[in-house]
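Chains as they are written, first to last, in my numbering: chain E, 7 to 318; chain C, 5 to 258.
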Amino acid sequence: MTADIKKTDGPAGTPPAGPEAIKAVPVRHYGRYVSALIALGIFFALIWAFANGDINWGAIPDYFFNDRILTGVRETLWLTFLSMLIGIVGGLLLAVMRLSKNPVTSSIAWFYIWFFRGTPVLVQLFVWFNLGFVFEYINLGPVYKDEWSQFMTPFLTALLGLGLNEAAYMAEICRAGLLAVDEGQTEAAHALGMSHSKTLRRIVVPQAMRVIVPPTGNEVINMLKTTSLVAAVQYYELLRYAQDIGTTSGATVEMLFLAAAWYLILTSLLSVGQYYVERYYARGSSRQLPPTPWQKVRAHLTSFSSRKGVTA
Amino acid sequence: MTNAMVKAEGVHKSFGAVEVLKGIDLEVKSGEVFCLIGPSGSGKSTFLRCINHLEKVNAGRLYVDGQLVGYRQKGDKLYELKDSEVALKRRDIGMVFQRFNLFPHMTAVENVMEAPVQVKGMSRAQAKERAMQLLQRVGLGDKAGNYPSQLSGGQQQRVAIARALAMEPKLMLFDEPTSALDPELVGDVLDVMRDLAESGMTMVVVTHEMGFAREVGDSLVFMDGGVVVESGNPRDVLTNPQHERTRSFLSKVL
């Protein structure tokens, strides 16, 4: 009921303005100033310490776009992409298997997840690398036949080790996503005469994606960093190249910082990508799509100019 | 049996140890509006879901358009139908749910187009044209591009009706279509259902809207505790119930 509130009349011809805005002295938060000062102090002390340490900072820009470093970046990205591809496809498959009514497939999926989540990925990488003790030859009949050590290259070891491990984690993420979709959706699709697979593909999975995408983005970022482990199975990627340069040039620590900087750049780019993917799958679920970063920046700029007029 | 769209003979349904349907016998004639009323837990929604095989019948026989639901009979033996065969039969049976169950990631028109395109293989252009006609028929031609979350409950339910009609069913099932709606939105949905009834559609309606049952219904069944307590012409049953249980139920809802 707004009838009781006295409205100040606007100029003739315009609708009456609302009640007069409150102008009050805001509460002063002195504690905030103090804590901000302390935090800034510690921050700058750390920067000072690093800047004056025994580190040859100049080596980092020198090698930042070195050919080997760039090759390493490419290898890291490629390995991340392929392992995540195996992880996502395998994870979705495992999730569907776990949710299926067939006790055999659901048990196998359960066992797979139990095993690959329960052992460290580094151990798995070593096991793949050394599986030649179990399988001396790989024999796919007329298609392919070779000794295991020839077949299991560092690249394949890295790919299988990371991808199959990731599938176990993705399976749980996908399962959570599939379970989050209301059962009424499946019923409605079935009632329209849609088959199981079509219902899954057209109705359930697109809605599950909204739940699956945010943790998957997390997994991609994790995977990008985990690829640094594959140096242990003789695969050359960003960290391994950086370390190599470090030992030959004597700038060991500097090259580690360089690698860290590259990892930060790559994960930051991935976070931006994740934001847009999430935005895509949010369509229909929220009444209004969240703004893109650019839209946010523009909104802030315009709100700065009008902030003076807003009180209370 | 030529005239019966739905025929139930001693239909039983249990969920674990709980027997929800304890032998339902009824017949829905082609072209009629058949209303199912009763207290919650009486099994009316379960029975409705048995008709398109969302629930499996445990005992008895259920026929839609003269064909056994969910099974094939050869001699004395029953063979369970494959999922694809069940899906094929469901094409002819539209269903409208209490909670609408629109696909939230699709706009209204995409919701209506989905089944014709995916199930019948209709071209997108043709499906869209038909979907627009159907949306206009339910009074929502201007909302075609909206997502379900941008529509009111009554509008969502009307889209859901259009979605079911897009498959050109010969039978429509309504599972308490207005129970989740604000009172002032109920009328719009009932108007659409009334139009549909006048067009000659066979409808089985689980409802608490006694007014609708009386005005539009051709037959009415009162269910309680998994059995049919009373059935007949809606106007007779509602104004002059013969059973004590029916009387006490109606005195509470009317």
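Glycine is no exception: its CB is placed at the ideal position from the N, C-alpha and C atoms. The structure displayed is predicted, hence computed values, not measured ones.
Against chain C, a Cβ distance below 8 Å from residue 289/E picks out 109, 151. As summarised for the region 214-239 of chain C, the continuous alpha helix (DSSP H) elements at least 4 residues long and confined to that stretch are 214-220, given in chain order. Beta-carbon to beta-carbon, residue 102/C and residue 184/C are separated by about 5 Å, close enough to satisfy the 8 Å threshold. Residue nearest to residue 19/C within the set 248/C, 230/C, 245/C is 230/C (criterion: CA-CA distance). The beta carbon of residue 166/E sits closer than 6 Å to those of 134, all from its chain and outside the five residues before and after it, given in chain order. Pairing residue 205/E with residue 86/E gives a Cβ-Cβ distance that is not under 7 Å.
Taking residue 165/C as reference, the option from 226/C, 45/C, 83/C, 138/C with the minimal CA-CA separation is 138/C.
Residue 222/E has no beta-bridge partner at all, per DSSP. Residue burial annotation: residue 109/C is buried, with at least 16 other C-beta atoms found within 10 angstroms of its C-beta. Under the three-state reduction of DSSP, residue 16/C is assigned to strand.
Around residue 235/C, the same chain offers 30, 223, 224, 225, 226, 241 as residues with beta carbons nearer than 8 Å, after the five sequence neighbours per side are excluded.
Annotation for residue 93/C: no beta strand (DSSP E) segment contains it, though the alpha helix (DSSP H) segment containing it runs 87-94. The beta carbon of residue 58/C sits closer than 6 Å to none of the beta carbons in its chain outside the five residues before and after it. Between the C-alpha atoms of residue 63/C and residue 107/E there is a straight-line separation of about 23 Å. Closest in alpha carbon position to residue 143/C, among 69/C, 158/C, 247/C, 170/C, is 158/C.
Around the beta carbon of residue 67/E, fewer than 16 other beta carbons lie within 10 angstroms, which makes this residue exposed. A distance below 8 Å between beta-carbons, with the five flanking residues on each side excluded, links residue 200/E to the following residues of its chain, in chain order: 208, 209.
Between residue 39/C and residue 211/C, the C-beta gap is smaller than 7 Å, which places the two residues in contact. Cβ contact annotation for residue 213/C (same chain, cutoff 8 Å, sequence separation greater than five): 182, 190, 194, in chain order.
Residues of chain E whose Cβ lies closer than 9 Å to the Cβ of residue 101/C are, in chain order, 190, 193, 194, 197. When Cβ pairs closer than 8 Å are counted between the two stretches, the region 110-123 of chain C is seen to touch the region 146-160 of chain C, the count reaching three or more. Taken in chain order, the unbroken stretches of alpha helix (DSSP H) that lie wholly in the region 123-179 of chain E and span 4 residues or more are 127-135, 154-157. Between the region 138-148 of chain E and the region 244-259 of chain E there are fewer than three C-beta pairs closer than 8 Å, too few to call the two in contact. Excluding sequence positions up to five before and after residue 128/C, its CB lies within less than 8 Å of the CB of 117, 121, all in the same chain and listed in chain order. When DSSP reads this structure, residue 71/C sits in a beta bridge with 68/C.
For residue 92/C, the chain E residues whose Cβ falls inside 9 Å of its Cβ are 199, in order along the chain. The Cβ atoms of residue 282/E and residue 219/E do not sit closer than 7 Å to each other. The Cβ neighbour count for residue 196/E, taken over all protein chains shown within 10 Å, is at least 16; the residue is labelled buried. In this structure, residue 73/C sits away from residue 17/C, with a CB-CB distance that is not shorter than 7 Å. Contact residues of the region 46-75 of chain C toward chain E are 56, 58 (C-beta to C-beta distance below 8 Å).
In the three-state reduction of the DSSP assignment, residue 253/C falls in the helix class, which pools H, G and I.
Going by C-alpha positions, residue 253/C is about 39 Å away from residue 147/C.
Residue 156/C holds the alpha-carbon nearest to the alpha-carbon of residue 188/C among 175/C, 156/C, 201/C.
Cα atoms of residue 186/E and residue 106/C: separation of roughly 16 Å, rounded to the nearest angstrom.
Below the 7 Å Cβ cutoff, chain E contributes 198, 199, 200 as neighbours of residue 123/C, in chain order.
Of all residues in the region 23-49 of chain C, none comes within less than 9 Å of chain E when Cβ atoms are compared.
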